[in-house]
Amino acid sequence: MTDGVDALVHELENVLGDDAVITTPAATAAYLRERRGLFKGRCRAVVRPADTRAVSETVRRCAAAGVAIVPQGGNTGLCGGAAPDASGDQIVLSLERLRRIRAIDPLGHTLVAEAGCTLADVQAAAAGADRLFPLDYAAAGECCIGGNLATNAGGMNVLRYGNARELVLGLEVVLADGRVWNGLRALRKDNSGYDLKDLFVGSEGTLGIITAAVLRLHPRPRHRATALVALDTPSAALGLLAELRALTGDSLTAFELMGRTPVEFSLRHGAGCSDPFPQPWPWYVLLDVTSSRRHDDLRGMLEGTLPELPSLARDYRITDEDAGRDTLWALRNSIPAAQRHEGASIKHDVSVPLPAIPDFLARADAAARQRLPGIRPCAFGHVGDGNIHFNLSQPPQMAREDFLDRWDEFNRLIHDIVATLDGSFAAEHGVGQLKPAEVARLKSAEEVALMRAIKGALDPQGTLNPGKVVPAGDTGGHDRH
Ligand code: FAD
């Protein structure tokens with residue numbers, strides 16, 4: 378394989394130009410840095426085509442040489458999907474140079490962006506046309522729209538606007554043999570056959586390479602109010618969610634749950650974080666309401682509502698000013714980084730049906746503490762759409778590596794609870810190379826067989842991001858019957 382890959386790399390340098398192909402270890406290192414440090418990959422080269430034609434050319438030549446491609450956007454994914462394997466024979470295909478906003482249509486509420494535009498680029502382009510692209514979360518300045526679509530990213534505003542899948546109307550995709558599928562249609566209604574774009578959204582680079590997308594825009598909010606609410610239980614959070622949805626309709630945009638443990642982590646390590654109430658509470662909800670109407674008093678609405686719900690909202694703070702909002706959101710946005718200061722953590726990005734959230738949290742918390750005394754469950758997440766990040770921080774005195782050695786054991790423990798509640802073991806971060814074994818273990822035999830059939834049909838040579846998402850071999854897929 379080595380000679381063949383070397384010949385391919387020379388060929389790509391000739392066709393695409395030297396500056397499009399990176400081969401020195403010092404320069405490729407940045408593309409190999411996997412965020413959680415779980416996967417140590419190597420690659421023969423990082424290829425950075427500048428347009429769709431060059432992506433197509435790269436893929437066609439890799440397919441002819443039988444060389445595997447690992448697509449990469451902003452490399453912020455949390456499941457190792459953008460990391461090559463350890464063989465050193467794979468090519469990382471970075472979309473970072475495809476960074477043009479090709480078109481914007483304020484009347485049709487659409488925008489055409491190339492895959493390497495950062496999420497922040499897209500948000501800014503939409504705002505420039507007095508529109509909103511509502512996908513949003515802490516990595517917006519780094520992650521790319523192609524990666525967002527390839528992982529079907531979620532984030533803070535899914536409750537109101539849906540995840541990435543619901544924000545895309547059309548795609549341009551380079552197929553496994555290098556052909557280009559131009560599906561850049563800006564249509565809300567198109568039942569003219571199978572919805573092919575939905576195959577590629579969430580496929581994490583295993584079925585095709587997204588080079589551009591028609592994105593759906595929304596009216597830009599004119600008013601926004603934020604509240605941080607103290608609660609006794611997760612059940613109270615669901616009660617509050619029901620009350621606010623009934624009252625505000627679709628104005629409720631974000632609804633984030635945080636346990637006291639992650640809030641304490643933010644208080645200890647986060648910049649600009651302070652304890653919001655005179656006393657600590659077991660649970661908190663951070664919520665945003667927004668409105669595009671010209672005249673709306675969202676702050677007044679929250680000030681009128683929360684005092685009427687004393688058994689749910691034990692205490693609260695409300696703001697409609699940017700600075701106040703940033704202070705409240707700092708508590709939430711600081712959690713992932715703050716958790717790193719507390720030692721190693723074993724992560725679970727899960728979802729369950731909304732009514733099952735209290736049961737899930739109680740069972741998962743009890744099971745983890747029983748299995749390892751001193752472990753610190755750190756639960757937070759986008760609870761309005763059923764997504765909990767149930768992270769486990771190590772007992773303070775335990776050796777980091779000893780704790781991380783138990784990753785699979787804890788994943789199995791927590792994912793089994795999720796399965797009994799008809800939930801998902803991969804809510805928004807995807808599968809990557811972290812969870813294919815769980816796909817095999819927890820999905821039905823029929824579902825795994827369908828996934829393999831689709832992979833085989835679109836990538837018969839298996840050169841697109843091998844080892845990701847689809848479990849290898851004939852393992853797995855349990856028989857539910
Ligand atoms: P990458 O990491 O580069 O790639 C991710 C996967 O997509 C890989 O399998 C890769 O091969 C594939 N891929 C990338 N580009 C393409 C393409 N053009 N065509 C085909 N395949 C491609 N995620 C959420 O959903 N919600 C959150 O709230 C959230 N918060 C985060 C907060 C932080 C601080 C960080 C670091 C990450 C967070 N993430 C979150 C995870 C991550 O940002 C998303 O998964 C994101 O969508 C990945 O985009 P990317 O461009 O970085 O993709």
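Quick note on the numbering used here: the sequence shown kicks off at 378 and runs consecutively.
The beta carbon of each residue, even a glycine, is placed where N, CA and C say it ideally should be.
Computed from a predicted model, the values in this text were never measured in an experiment.
Same chain only: Cβ atoms within 8 Å of residue i, ignoring 5 sequence neighbours per side
i: S651; result: L644, T704
i: R438; result: L385, E388, L389, V392, G555
i: R670; result: R599, H600
i: R709; result: E633, M635, S643, L663, F757
i: H718; result: F642, R645, H646
i: W660; result: A607, L608, D609, T610, P611, A613, A614, L634, M635, G636, R637
i: A745; result: I752, P754, L769, F787, L790, I791
i: R562; result: L546, G547, V591
Spatial neighbours of residue i in its chain, beta-carbon cut-off 6 Å, leaving aside the 5 residues before and after
i: P448; result: L470, G582, I586
i: P772; result: G751, I752
i: G649; result: A707
i: G839; result: none
i: I399; result: T405, V423
i: G523; result: G450, L472, A492, I587
i: P596; result: S669
i: A604; result: L664, L679, Y693, I695
i: H725; result: F767, I791
i: L731; result: G763
i: A861; result: For the chain, the structure presents residues 378 to 858; residue 861 sits outside this window and is missing.
i: S433; result: V551, G555, V557
Rounded Cβ spacing between residue i and residue j (contact assumed at less than 8 Å)
i: A733; j: G800; result: 7 Å
i: R479; j: E491; result: 7 Å
i: A427; j: I468; result: Contact doesn't hold; Cβ gap of about 16 Å is too wide.
i: A553; j: L827; result: Not a contact, Cβ separation roughly 18 Å.
i: A527; j: Q810; result: Their Cβ separation, rounded to whole angstroms, is 14 Å, which puts A527 and Q810 out of contact at 8 Å.
i: P848; j: P813; result: 4 Å
i: L415; j: G381; result: Not a contact, Cβ separation roughly 29 Å.
i: L841; j: L584; result: 7 Å
i: W784; j: I712; result: About 20 Å separates the two Cβ atoms, so there is no contact after all.
N-terminal and C-terminal residue of the alpha helix (DSSP H) that residue i is part of
i: S612; result: 611–625
i: Y693; result: Element bounds for Y693: not the alpha helix (DSSP H) but the beta strand (DSSP E), 692–696.
i: V816; result: 813–819
i: P713; result: 712–718
i: N788; result: 784–797
i: T682; result: 675–682
i: N525; result: 522–527
i: P735; result: 734–748
i: V432; result: 429–442
i: V825; result: 822–835
Minimum Cβ-Cβ distance from residue i to chain B less than 8 Å
i: L841; result: Note that chain B does not occur in the displayed structure, where there is just one protein chain.
Terminal residues of the beta strand (DSSP E) in which residue i lies
i: F867; result: Here the chain comprises residues numbered 378 to 858, so residue 867 is not present and cannot be evaluated.
i: V469; result: 468–471
i: L488; result: 487–491
i: D513; result: Looking at the DSSP string, D513 is not in any beta strand (DSSP E), and its letter there is neither H nor E.
i: F577; result: Note, F577: premise wrong, no beta strand (DSSP E); alpha helix (DSSP H) at 574–577.
i: F654; result: No beta strand (DSSP E) contains F654, which DSSP labels as neither H nor E.
Same chain only: Cβ atoms within 7 Å of residue i, ignoring 5 sequence neighbours per side
i: R413; result: L455
i: R857; result: At R857, the pLDDT of 35 sits below 50, so the modelled position is not reliable; the number obtained from the coordinates is stated separately. Result list for R857: S821, in chain order.
i: R474; result: R425, P426, A427, G493
i: L749; result: P772
i: P843; result: A445
Spell out a yes or no on whether the segment 620–636 and the segment 656–672 are touching, meaning 3 or more CB-CB pairs, one atom from each, closer than 8 Å. yes
Would the segment 494–510 count as touching the segment 453–464 if we require 3 or more Cβ pairs under 8 Å? no
Do the segment 605–617 and the segment 686–693 meet, that is, are 3 or more Cβ pairs less than 8 Å apart? yes
Taking three-plus beta-carbon pairs below 8 Å as touching, is the segment 429–437 in contact with the segment 554–574? yes
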